[in-house]
Every structure is written in structure tokens, then in C-alpha cells.
Amino acid sequence: MHAHRLTLAALMVLAPACADDEIPEDLGSRPEDEVMLVDSPILQHLAAALEDGATLRASDLYFAERLRFTAAPDPSALLAAQASEHAALPPLAEPATLKVLTYNVGLLNRWYPFTHVGVPRYVERRAEAPARLLADGWDVLFLQEAWELADVERFAAEAARQGYAIYSGSEDKHAQHGLVILVREALIGAAEQEFGEEQFAAQREIELFPGPGIKRGLIRWSFTHAPTGRRVHLYATHLTAFPELWQERDVQARVLGGRAKSHPDGDVVLVGGDFNAGPYYPEDRFGSAGEEVLAGWWHNAMMYPLMLHYGGLYDSRSALQPADDVTRMQQLLLPFALGPYRDEPLAGRCDGIPHDTFTGSDCNSLYFSQYGATEYPARLDYIFVRDVERHVRVVATALEYTEPLDFGAAGNFELSDHYGQSATLQLE
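Numbering (UniProt numbering), first residue to last: 1 to 428.
Following this line, the structure appears as C-alpha cells:
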């Protein structure tokens, strides 16, 4: 979820004293904090892009004054390494298939002082989303931006019809984080299930008050996978938006990574959500805030390696072949010019941009109507995997729900302002 930039500016006037928790209180307490960037295959590309990068540790990445980017952090080697490592794994003997989807369903509709924020066409889309999503054969769904309890009830009713169990956290906190996990009931073994809900200490506080009542967090669901007997831990999340809020987002990633890494090595951990940052941005300046061109995108590229570093995770999208964030950005985007990008999605280039990488993109009509010409297109939505003992194989990934649907008299438009990200896994 984003909110309109002018709205955020108004809120800053209303709440000038709100302080953001940008430095983790326990920074330095974990071994991952002390790793030198140049010594980590996951973080090396950050060192190469930073002045004094050879002297920096992971903990330094949380201090704005220590980060002087001289080039775009290029994760190409990291993306390739994940594919190579996965390709070297032997086939599983008797695997069970698990089809996973993460999807920001974009059902925001909130009033707060001076303004309203809502994703376009939420009325028509909320009526259609539960039946469409749960009829498509997913085994696990991580959903974001099902903010209202009424939407949870719609998903719960459809879940009962389609044979799914559902978890959305507590009633009082759900409306702040908007997260839902659904699991096909037949996959849940008899062993005890565990559930958890957490709100991050690092927040953009004005999102909660006087803003639209949002407080970022995570929910967790742990169960034993009935076909294999494997313990599986599911985490759904939605990190803070906007490039200038990279510090809050990176602190949240460190917390989430720590939770994912806390489970026994024989268990499987899946993390799905809208992380609001891509792995790569070719230029530090792109998009507009009013008539000004935005700067500071290179800081946003830190979220992705930090998730892998702190969580012991890999990116399912990069398991079969290196994810193509770098090549898509470099080949398909024109240098930013406000007029062309504001007048037509991605300056008229959408017909030449395959729907295979960017989950947040002006090529989505709902996204363009809200954020046109304000942000890079990017891969914002991920399914991460922690699998220390190698019980998982990725067999397919894809972007989902990319095409406009027929909503009758309301017209043709997408099911959400994001595209979904899927991963088909084998599990033993």
C-alpha cells in the first residue's frame, strides 16, 4: 500500500513530532550484524556500490550518514548464484506439490482527516476476489491489503465453500495490518498448529494516526504438512512503502528475517508479501513528486539482500533462472521525463514490456491511475524460502492476474493494482 504523496505531506504538517524508529534497538546483538559487506556473497554488490563499502558491516546499512552510493547496486551475481545453487540440488525422491501465491489484493478504502485513500474499483473487485482466487487451485495464499473485517469475512465464507482454512490475526490488529493467510485444509496434519501476529516497532507513525489507521506487521501460521510430515512455517507481511522510507522498511526486514531464521533447520519456512522495494534500480533519480524528480532509489535496493542475509532465505523467483530485474530495467525503460511518463503508462512502452517481472507497474491500469509517473516499475512482491536441509525444489514461478477482467457494466480492469507472484514447489 502507498498513499498519495500530497496526502503524506499534509499529514506531516499535522504530526510534526512523530518520531520514526529507524535504528534497531538491538543492533549489534546478532552475528549477521557484524558481517563485513565484502565478505558476504549476498551483500558484496552493496559494498561495490558504496563509497567506503570495503569498510562497512551489515549494521552500517541502517545509518543514512554512512551510506554514500556511487553507483547502482547491481544484484546480477546474487540472482545468478541463487539459480546455480538451486540447479545443483538433486531431485527429490517422492515429492508433494505445493502451489503458493502472494498477492496484494488492493482493497484499501479509508477516510481520515482531509482526505480519502482507496484503490480504484475496490467495490467491484472485493466482490469478485475471493471466488476468483480460491477457485484457481492454490494450496497456500498470502494476501495483503484485505484491510476490512468485512473482506476477511468474504474470504472466510469462500474458504469454507472451497475447503480452505484461514488466519488473519486478531480483530483489533487486523484492520491495521490487513494480512490474510489461507491454506488448503487437506494439507494440514493432525499435529498442533501455531499462530502469531506482530506489529513492527519501526513504523511511519503518521500512517496510524492521523492517517488511515495502518500499522505494518506480520502474521505467522505453523503447521505440519500432511502429505510429507514436514513442519512448515508461513509468514505474511507488508512492509512500509515509499523510497524515502527505506530505513523503516529495512529495519522491518531485519525483524522478519530473524523470525524466519528462528525455526529448526529441518523445517521449511515460506515468507510471502508485498515488500515495497525491488532488487535493482538503474538510476538513483526516477519518478516525480509534484514537478520534482525523485532521488534516493538506490537505498531501496538494500531491502532484498537484507531479507536474504538476515533470514537465511532465497528468492523463489530466482531459483530456476536468475530473476530478470536488471535486464528488464536496463532494456525496457526510457530515461525519466515527467510529461511522457505522466501522460501514458511508462511513456507508451507497455506493449513491449512482458508481464513477467514487475508486480507494481504503471502498465497496470489501477496502479497507473494512482501512481502514474511517480515511481519505478519494480518487483515488489516475493515468495522467499528458508530450506536449510534442502527439502524443497522450485519447479515453476510466474506473475499472476496480469490481464484485465470483465467486470460487466463497470468495465475491464485488473483484479488488483498489483500483479500476483506464484511459486510451484515440491516438498518432501
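Ideal Cβ positions, reconstructed from N, Cα and C, are used throughout, including at glycine. Nothing here was measured: the structure is a model prediction, and the numbers come from that model.
- Our two residues, Thr424 and Met36, have alpha carbons roughly 34 Å apart in a direct line.
- In the assembly as shown, Asn276 is a buried residue. Its beta-carbon has 16 or more other beta-carbons within 10 Å.
- Between Glu344 and Gly287, the gap from beta carbon to beta carbon reaches 8 Å or more.
- By the beta-carbon neighbour count (other beta carbons within 10 angstroms, threshold 16), Gly339 is exposed.
- Straight through space, the alpha carbons of Phe413 and Ala156 are spaced by roughly 25 Å.
- CA-CA distance, Pro404 to Asp417, rounds to 11 Å.
- Residue pairing by DSSP places Thr237 opposite Leu218, Gly273 in a beta bridge.
- Ranked by Cα distance from Glu292, the options Gly273, Trp147, Ala160, Ala337 are led by Ala337.
- A straight line joining the alpha-carbon of Pro282 with that of Cys350 spans about 18 Å.
- Leu101 is the residue among Leu101, Gly53, Glu34 whose C-alpha sits nearest the C-alpha of Arg132.
- Less than 8 Å separates the beta-carbon of Leu149 from that of His174.
- Spatial neighbours of Gly372 in its own chain (CB-CB distance under 8 Å, excluding positions within 5 residues in sequence) are listed in chain order as Tyr341, Arg342, Pro345, Asp362.
- The distance from the Cβ of Leu239 to that of Arg259 is about 13 Å, inconsistent with a contact at the 8 Å cut-off.
- Under the three-state reduction of DSSP, Gln421 is assigned to strand.
- Secondary structure of Asn109 (DSSP, three-state): strand.
- Under DSSP, Glu192 takes part in no beta bridge, so it has no partner.
- Following the DSSP letters along the chain, one finds His116 in no alpha helix (DSSP H) but inside the beta strand (DSSP E) bounded by residues 115-118.
- Residue environment analysis places Trp111 among the exposed positions, since fewer than 16 neighbouring C-beta atoms fall within 10 angstroms of its C-beta.
- Note that the C-beta distance between Leu61 and Met307 is not below 8 Å.
- Judged by DSSP in its simplified three-state form, Gln82 adopts helix.
- The beta carbon of Gln193 sits closer than 6 Å to those of Phe223, all from its chain and outside the five residues before and after it, given in chain order.
- Listed in chain order, the beta strand (DSSP E) elements of length 3 or more contained wholly in the stretch 358-392 are 381-386.
- In the DSSP assignment, Lys173 falls within the alpha helix (DSSP H) that extends over 171-177.
- Excluding its 5 nearest sequence neighbours in each direction, Ala81 has C-beta neighbours in its own chain below 8 Å: Pro41, listed in chain order.
- Beta-bridge annotation (DSSP): His225 is paired with Ile188, Arg230.
- Within the same chain, Leu37, Val38 come within 7 Å of Gln44 by CB-CB distance, once the 5 residues on both sides are set aside.
- Each residue's CA atom was taken as its position, placing Val180 and Gly169 some 8 Å apart.
- DSSP, read as helix, strand or coil, puts Arg121 in coil.
- Judged by beta-carbon spacing, Arg285 lies beyond the 8 Å limit of Asp325, meaning their Cβ atoms are not closer than that value.
- Shown here, Asp406 sits in a strand according to DSSP, grouped into three states.
- Pairing Leu218 with Leu182 gives a Cβ-Cβ distance that is not under 8 Å.
- DSSP places Met329 in the helix class (H, G or I) of the three-state scheme.
- Take the alpha-carbon of Gly296 and the one of Glu244: they are about 7 Å apart.
- Between Leu399 and His355, the gap from beta carbon to beta carbon is short of 8 Å.
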